[in-house]
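Undergrad: Add 2 to a position in the sequence shown, counting from 1, and you land on the number used in this note's numbering.
Each residue gets a CB set at the ideal place from its N, CA and C atoms; glycine is no exception.
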Amino acid sequence: MDSATTWIREQCNSEKMQQISQHLLTVKAVPYLLLALAAILLAVKYIQDHTKRTQNPTRRRSPDPEKPTDVTTYATKRLKPTEREPGNTKPLPYRPFRYGAYNITMGLRTMPWDSWIELDNQFPRFHALKAQRIAERGTRCYRAERSDPRVWDGAVELLEELAEYLPQRYPSLYRKTDVGLDNLLTGESFDVSALTRNGVKEDPILLSARLTQDDLAIMFEKEDGQYYLLSACILLAGFWRLEDKFGMPLSEIHTSGDVPGFKQKLEKGMMNFFRRVQPESPVLRNNYFLQVDDELAWSSSIGSEDSTEEGGIGWFSAEKDRAIKNHYFRSERQSLRRLPRSGGVVFTIRTYFLPVTEIAEEDGVPGRLASAVRSWGEDVSRYKGRERYGDVLLEYLDMKHQEQVERGVDFGEREDSGAYPC
């Protein structure tokens, strides 16, 4: 580019160009001369601008921790307190399945800011189970990369945002204090600046996890453009262990878990999304699974959580055709957003867990779920373990659907629209 610019300038200053200019002046062609000079100047300007863009790519990266910016915590936006007291609120009935073909997509939708964290009457159960898991499993359930200063800052930033958000949204459960917040149900006091709970210092990602019913994960971009799992507290995942995924890039997290269609249908869009997502544009997605035991934290039917054998965990371990009373419906509500100061992308992962026999009593659900399970392709069926429970599950769902038909249940437009409540 520099050589091209130099050549143009030399031509403008050459003797031949000056002769041409004199000739044009003699024939009174000043307008043409001006147009020619303008064209040359525009060419030089274009080359210079193009060179700058090439040397300074515009793709947004995570903020440089060595150059802190004055970013107001997003959670300081004023929130309206929820009209539903957590202690009197049943878990929201997410049923993210529909009639018709099963399409592999990211399934993202816009998240209203006041629904970032959902708390309900299962909070005491989740809180107690989390505390038990932390005490029993320790750092196998929570970790943070120490060599990257962004990671610690991101975990602290998340805690700061929750300390602002929760007392505003759930004033009956959390009270803001001069140093952080208090849990009015459990009596716990959190000092955000000192990073303590009841005076005992803890990792910031662990403190955040104690405040919600969600598992939490923060991913950060590295120089190769990939996002890596570098801070997380995963206590209730059911089917995967943090120790197996920690430190992995986004793509490997999915390929190592044999996520159906990831390479073909999800990887490119997911990578682009992670680079584009902004603090002011959070999103949600839902998924669902079936399992054949009643354990929220870890589904023991697929193997021991402490297994160290290669390939020691999987659906092959599950007992086949267990009675329907052992079938449980598991759905995750995941939120994704960029933390404004550290630049990390934070996941909140809230699990909803209840017996299949319970959701099958809801109007329209057994027929719709049966249709969804039958629509799974071979790869999805293998991933979700249908071979171990499918016959028993579908027989039961078909029976419950027929009962609803005979009762005259009005399925409305949902049966054919492909929509689902979420």
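1. By alpha-carbon positions, which one of C235, P262, Y229, E204 ends up nearest to R384?
2. At a cut of 8 Å, does the region 206-214 reach the region 158-169 through at least three beta carbon pairs?
3. Since L232 contacts G249 with CB under 8 Å, what's their CB separation in whole angstroms?
4. Could you name the residues that DSSP lists as bridge partners for L286?
5. Relative to the C-alpha of V294, which candidate in A362, R277, T310, I326 has its C-alpha closest?
6. In terms of residues, what are the limits of the beta strand (DSSP E) holding D184?
7. Between W242 and H256, what straight-line distance do the alpha-carbon atoms span, to the nearest angstrom?
8. Leaving out five residues before and five after F99 in sequence, what residues of the same chain have Cβ atoms less than 7 Å from its Cβ?
9. Is it the case that the region 164-182 contacts the region 101-120, given that we only count it when at least three CB pairs across the two stretches are under 8 Å?
10. Apart from the five residues on each side of it in sequence, which residues of its chain come closer than 8 Å, Cβ to Cβ, to K265?
11. Would you call F435 buried or exposed, if buried means 16 or more other Cβ atoms sit within 10 Å of its Cβ?
12. Considering only the beta carbon of each residue, do Y354 and L292 sit closer than 8 Å?
13. Restricting to Cα atoms, I'd like to know which of I304, E363, F349, D122 is closest to R86.
14. How is T198 classed by DSSP in three states: helix, strand or coil?
15. For the beta strand (DSSP E) that contains A219, what are its first and last residues?
16. Write down every uninterrupted run of the beta strand (DSSP E) in the region 299-345 whose length is 3 residues or greater and which is fully enclosed by it, in chain order.
17. When the Cα atoms are used, what is the spatial distance from R139 to P206?
18. Taking its Cβ as the centre, do 16 or more other Cβ atoms sit within 10 Å of P70, making it buried, or is it exposed?
19. Given a threshold of 16 other Cβ atoms within 10 Å of its Cβ, counted over all protein chains shown, does V29 qualify as buried or as exposed?
20. Use the C-beta contact count for K203: other C-beta atoms within 10 angstroms, 16 or more gives buried, fewer gives exposed.
21. Is F248 a contact residue of the ligand HEM, with contact defined as CB to any heavy atom under 7 Å?
22. Which of helix, strand or coil does DSSP assign to F276?
23. Can you round the beta-carbon distance between R352 and D216 to whole angstroms, since I take them to be within the 8 Å contact cut?
24. What do you get for P493, buried or exposed, if any count of 16 or more other CB atoms within 10 angstroms of its CB means buried?
25. Shorter than 8 Å from the beta carbon of E204 to some beta carbon of chain C?
26. At what residues does the alpha helix (DSSP H) containing V375 begin and finish?
27. Looking at R330: is its Cβ nearer than 8 Å to the Cβ of V367?
28. Per DSSP, which one or two residues make a beta bridge with L231?
29. Taking the CB atoms as reference points, tell me whether A219 and Y144 lie closer together than 8 Å.
30. Short of 7 Å in beta carbon distance, which residues of its chain neighbour V194, apart from the five on each side in sequence? Order them along the chain.
31. Quick check on DSSP: helix, strand or coil for T71?
32. Given S306, which residues of its chain have a CB within under 6 Å of its CB, disregarding the five upstream and five downstream residues?
33. Comparing alpha-carbon positions, which option in V394, I361, D296, D260 lies nearest D323?
34. Report the partner residues of P251 according to the DSSP bridge assignment.
35. What residues in its chain sit with their C-beta under 8 Å from that of E321, if we drop five residues either side in the sequence?
TA: Once the coordinates are examined:
1. Indexing the sequence shown from 1 puts residue 384 at position 382. Closest option to R384, Cα to Cα, is P262.
2. yes
3. As a working mapping, residue 232 is identified with position 230 in the sequence shown. As a working mapping, residue 249 is identified with position 247 in the sequence shown. Contact flag correct, Cβ pair sits at about 7 Å.
4. Stepping through the sequence shown from its first residue, residue 286 is reached at position 284. DSSP, once it has assigned bridges, lists R111, S337 as partnering L286.
5. Reading the sequence shown from its first residue, position 292 is the one you call residue 294. The shortest Cα separation from V294 among A362, R277, T310, I326 belongs to I326.
6. As a first step, residue 184 must be located in the sequence shown, where it is residue number 182. Run containing D184: 182-185, per the beta strand (DSSP E) assignment.
7. Mapped onto the sequence shown, residue 242 falls at position 240. Mapped onto the sequence shown, residue 256 falls at position 254. Taking the straight line joining both Cα atoms gives about 11 Å.
8. Taking the sequence shown and counting its residues from 1, the one referred to as residue 99 is at position 97. Here the set comprises Y290, R370, L371, A374, Y422.
9. yes
10. Taking the sequence shown and counting its residues from 1, one reaches residue 265 at position 263. Here the set comprises T257.
11. Residue numbering for the chain in the displayed model covers 3 to 424; residue 435 lies beyond these limits and cannot be assessed.
12. Here residue 354 corresponds to residue number 352 of the sequence shown, with the count starting at 1. Here residue 292 corresponds to residue number 290 of the sequence shown, with the count starting at 1. Taking 8 Å as the Cβ cut-off, Y354 and L292 do not qualify as a contacting pair.
13. By 1-based counting over the sequence shown, the position of residue 86 is 84. Cα-wise, what sits closest to R86 is D122.
14. As a position in the sequence shown, residue 198 is number 196, starting the count at 1. Correct three-state label for T198: strand.
15. By 1-based counting over the sequence shown, the position of residue 219 is 217. Counting along the chain, the beta strand (DSSP E) containing A219 begins and ends at 217-223.
16. 330-340
17. Counted from its first residue, the sequence shown places residue 139 at position 137. Counted from its first residue, the sequence shown places residue 206 at position 204. For R139 and P206, the distance between alpha carbons rounds to 17 Å.
18. By one-based count along the sequence shown, residue 70 stands at place 68. Because P70 sits at a pLDDT of 38, beneath the cut-off of 50, its placement in the model cannot be relied upon, and the point is left open.
19. For the purposes of this step, residue 29 is taken as residue 27 along the sequence shown, with counting starting at 1. The predicted position of V29 is uncertain, since its pLDDT is 49 and thus under 50; no value can be drawn from it.
20. One-based indexing of the sequence shown puts residue 203 at position 201. So K203 counts as exposed.
21. Within the structure as shown, the ligand HEM is missing, as the structure has no ligands at all.
22. Position 274 of the sequence shown, counted from the first residue, corresponds to residue 276. If DSSP states are grouped into helix, strand and coil, F276 belongs with the helices.
23. Position 350 of the sequence shown, counted from the first residue, corresponds to residue 352. Position 214 of the sequence shown, counted from the first residue, corresponds to residue 216. About 5 Å separates the two Cβ atoms, so the contact holds.
24. This structure cannot settle anything about residue 493, because the visible part of the chain is limited to 3 through 424.
25. Absent from the structure: chain C. Only one protein chain is present.
26. Residue numbering aside, residue 375 sits at position 373 when the sequence shown is read from its first letter. Taken as a continuous stretch (DSSP letters only), the alpha helix (DSSP H) holding V375 covers 367-377.
27. Within the sequence shown, numbered from 1, the residue matching residue 330 stands at position 328. Within the sequence shown, numbered from 1, the residue matching residue 367 stands at position 365. For the record, residue 330 in the displayed sequence is Tyr; it is not Arg. Cβ atoms of Y330 and V367: not closer than 8 Å.
28. For this step, residue 231 is matched to residue 229 along the sequence shown. DSSP output for L231 lists M221 as bridge partner(s).
29. Numbered from its first residue, the sequence shown carries residue 219 at position 217. Numbered from its first residue, the sequence shown carries residue 144 at position 142. No, these two residues do not count as a Cβ contact at 8 Å.
30. Along the sequence shown, one-based indexing puts residue 194 at 192. The residues are L161, E162, A165, V181, G182.
31. Translated into the one-based positions of the sequence shown, residue 71 becomes position 69. Reliability fails at T71, whose pLDDT of 38 lies under 50, so the model's placement of it is uncertain and no value is given.
32. For the purposes of this step, residue 306 is taken as the residue at position 304 of the sequence shown. None.
33. One-based indexing of the sequence shown puts residue 323 at position 321. The shortest C-alpha separation from D323 is found at V394.
34. Indexing the sequence shown from 1 puts residue 251 at position 249. According to DSSP, P251 bridges with Y230.
35. Numbered from its first residue, the sequence shown carries residue 321 at position 319. For E321, where only same-chain residues beyond five positions count, the Cβ hits under 8 Å are V294, S303, R390.
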